[in-house]
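The structure appears right after this line, and notes come after that.
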RNA sequence: GCCGGUGUGGCGGAAUGGUAGACGCAGGGGAUUCAAAAUCCCCCGAGGCAGCCCCUCGUGCGAGUUCGAGUCUCGCCACCGGCACCA
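Numbering (the working numbering), first residue to last: 4 to 853.
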């Protein structure tokens, strides 16, 4: 008896596909195109089982679309700039470039045996000068189109290492290497004007029907459109050239409850006051400690400083209120100043309680007029509340009505303006780091900021750099930095900031349509291949990467690099879950957990034991992490079971949007199943069969074709696979004749081919298929086999299933009622009485209420 | 803290508001075998009743809508993703 041998089968078919150039993306007439893209990987050096799942899903779609008559584009590349390469260089010497390209080679070497139908001729890495040079060209066009500008923004500053830190390098408010308390410091930085498109990016979400609703909702909340009132408070005594303070509020209706006016520590007035008020300067310095993340700012203890200034209340007869500087007020949002209305905002309330400021209710619940104590009263804006002595004449109204009425009232009196604002901030793209795309501008004393000339692109990163000192090596590079001004030719200084790696990933999908073009894109190719028909990636990119890409597509249209139709570059989006793995741990002598490798643990009856018999604690479904020793290496799996098993397993056990737990026994089972299918093809039985069995198997086959096709089209891979398990068992048990069984087996292989392409080719060849299966047409279900003529209806009594009847499919409702009432269980339940109600849902269910 | 999501047997999970637990794993029993591996067949939510056809409970917790709720609504709890310099 021969055996299923993936180690022989898989390389053989990969070679055949290569030779036939099966997956080369081609533009041909008469066929629709299909562009499937998985989020490209960071070249960490090893592929991860999560990658296998991601790319397998894409490959299933790609191969299926090819079989259904599409010209498919399914490319692969690397998101290759970023911090890990610099960290590696700092840790073990070497160069980020060498590290990165070695990793890419290694990852490609690991990806190839998985048999993905990828057009490798289009591969690139974002750190290729051919790529980032075109990115620089895009930057210059964006600059010219007014989509890029410079302004000050805060960064995490490590005062010991004298360097800017990324958020992940700030741990509990301290620098990761120095341990020094991090400060927020302002720097002049480059920005994309994404806020200009906020309204458009928000409104267009509505058209993204094939995106998950949750992602659209997250983006909607992130962009955060709000309507509020902008107005000013006059200072009782003008100071430092300021006579009033402009505020923006989304709750102008609570104006009577104002008990203080709050300034951001970064507000211009704060900065002016700081110069001659050392106590304020000290307090503000304290407020600037800690990282820049919104989480850190929100969670930080509320700090305030009374400036001693007061402002006049815009409403007549109201007392003046004090001006405070408060750490929880963001300069980036609104005007950087607010009025605090503590009864209806928890942060304001906490602040007022801490500093002894008054708290005044402006409205109360209809059924509970008790004043606010330590919990602010913030009902939904759609709920009616009772207003207390409201200046615009409100009595009982919802929050939304109150806001609108108040804005109208204030506008009518010239006291303020209703304005629309967005939470979305401009996209800061400057990074004070080496391993990124250089920003192609020059700073000249005479000419100011001067864009590089396009013929000087790419501005290449210099290779002779070292990472022994903290900070950006470009900043201290002896020659790279010093250049002649492209405009006047005098000595000038090159911009040493590089671009955020999100820039790299915001247009790579467009570059794949013409990866070798001498301009960022080729408009013909872009027009043909765009948009991405199906984009697949992790939910962690739901906001930033996808929003930035949407912005970039619009920018590229404006600058003539994409056709108008590519405004929303991703037609459909699918967010897949992680692959997890159990953690095996014991407790060490020091009380800390000790993590064990899966291969050192023996599983018996759901418990795990080490070689010496010690029982280990099993933590199921944990995110794979090197430090927890629970990472499974796809290479080991391929070696043990073959690529098809790995591909089959990552799709089989969980719905693709959810996490899947890798288990050795699950992989084993997948492998056994593939071997079973192989045997059906390689060792067919020669039974004579019966016409009835033939008919039954054909019926099952066509139903399977139908269900698997629907499953693949709807990302129901696990359901499709469950069906294929069932069909395999059906063939095994079938008494159908040899010819029918052969057809069924060949079809089974075909239906499995997007998931297990190598095995499928083998089955195809063994069962008399012609040519390469990868080039063959997808099977079609014969409708005639899909219709059933009888249907089994469950009978419920009071909503609980008690019996069932089998009836003709199109039996009338009346007849079904009659049959149901005659059913033994129903007769018994009725005990001679009449049913209170009888519900018949044709083809589904009967419910008798007694 | 804010935004979004998830929660069903021992485990992964299935189920257009209509028979909860498809399919797979683990477990149990059997066939084949000198024996094993491999393969094949059967059973498998909990409890009751003792048996197959019956009853009760059961989809994180608590309410609600409905003839009928895993599915819809509200309130909790736990976990996961994001929070603009991780990618």
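Glycine is no exception: its CB is placed at the ideal position from the N, C-alpha and C atoms.
Residues of its chain near residue i, where Cβ-Cβ distance is below 6 Å and the 5 sequence neighbours each way are ignored
i: residue 48; result: 106, 109
i: residue 141; result: 523
i: residue 253; result: 229, 231
i: residue 173; result: 159, 185, 294
i: residue 760; result: 118
i: residue 769; result: 684, 685
i: residue 39; result: 61, 64, 65, 77, 537
i: residue 733; result: 703
Residue burial classification, residue i (beta-carbon count within 10 angstroms, cutoff 16)
i: residue 355; result: buried
i: residue 749; result: buried
i: residue 519; result: exposed
i: residue 600; result: exposed
i: residue 148; result: exposed
i: residue 2; result: Since the first residue of the chain shown is 4 and the last is 853, residue 2 is not available in this structure.
i: residue 617; result: exposed
i: residue 507; result: buried
i: residue 587; result: buried
i: residue 751; result: buried
i: residue 802; result: exposed
i: residue 220; result: exposed
Close-in-space but distant-in-sequence residues of the same chain around residue i (CB under 8 Å, 5 per side omitted)
i: residue 264; result: 236, 248, 250, 314, 324, 325, 326, 327, 340, 341, 342, 343
i: residue 715; result: 63, 64, 67, 723, 757
i: residue 27; result: 122, 124
i: residue 382; result: 368, 388, 402
i: residue 780; result: 70, 71, 72
i: residue 816; result: 843, 845
i: residue 727; result: 707, 711, 751, 754, 755
Three-state secondary structure (DSSP) of residue i
i: residue 447; result: strand
i: residue 214; result: coil
i: residue 3; result: The structure shown has nothing for residue 3, since the chain only spans 4 to 853.
i: residue 547; result: helix
i: residue 74; result: strand
i: residue 263; result: strand
i: residue 44; result: coil
i: residue 290; result: helix
i: residue 459; result: helix
i: residue 221; result: helix
i: residue 803; result: strand
i: residue 1; result: With the chain running from 4 to 853 in the structure shown, residue 1 is simply not present.
i: residue 95; result: helix
i: residue 21; result: helix
i: residue 172; result: helix
i: residue 706; result: helix
i: residue 542; result: helix
i: residue 474; result: coil
i: residue 58; result: helix
Identity of the residues DSSP links to residue i by a beta bridge
i: residue 325; result: 313
i: residue 160; result: 167, 186
i: residue 343; result: 263
i: residue 599; result: 587
i: residue 248; result: 236
i: residue 441; result: 501
i: residue 496; result: 446, 485
i: residue 133; result: Paired residue(s): none; residue 133 is not in a bridge.
i: residue 152; result: 194
i: residue 228; result: 425
i: residue 453; result: 445
Neighbourhood of residue i by C-beta, 7 Å cutoff - its chain only, sequence neighbours within 5 removed
i: residue 435; result: 167, 475, 500
i: residue 450; result: 488, 490, 491
i: residue 505; result: 547, 548, 551
Cβ-heavy atom distance, residue i to the ligand PLP, below 7 Å
i: residue 54; result: The ligand PLP is not among the ligands present in this structure, which contains no ligands whatsoever.
Taking only runs that begin and end inside the stretch 640-688, name each unbroken alpha helix (DSSP H) of 4 or more residues, in chain order. With a minimum length of 4 residues, the continuous alpha helix (DSSP H) runs that stay inside the stretch 640-688 are 646-655, 667-685.
Pick out the complete alpha helix (DSSP H) segments inside the stretch 805-853, 4 residues or longer, and give them in chain order. Listed in chain order, they are 816-825, 827-833.
Runs of alpha helix (DSSP H) lying entirely within the stretch 384-445, each at least 4 residues, in chain order: List check, alpha helix (DSSP H) in window: 402-415.
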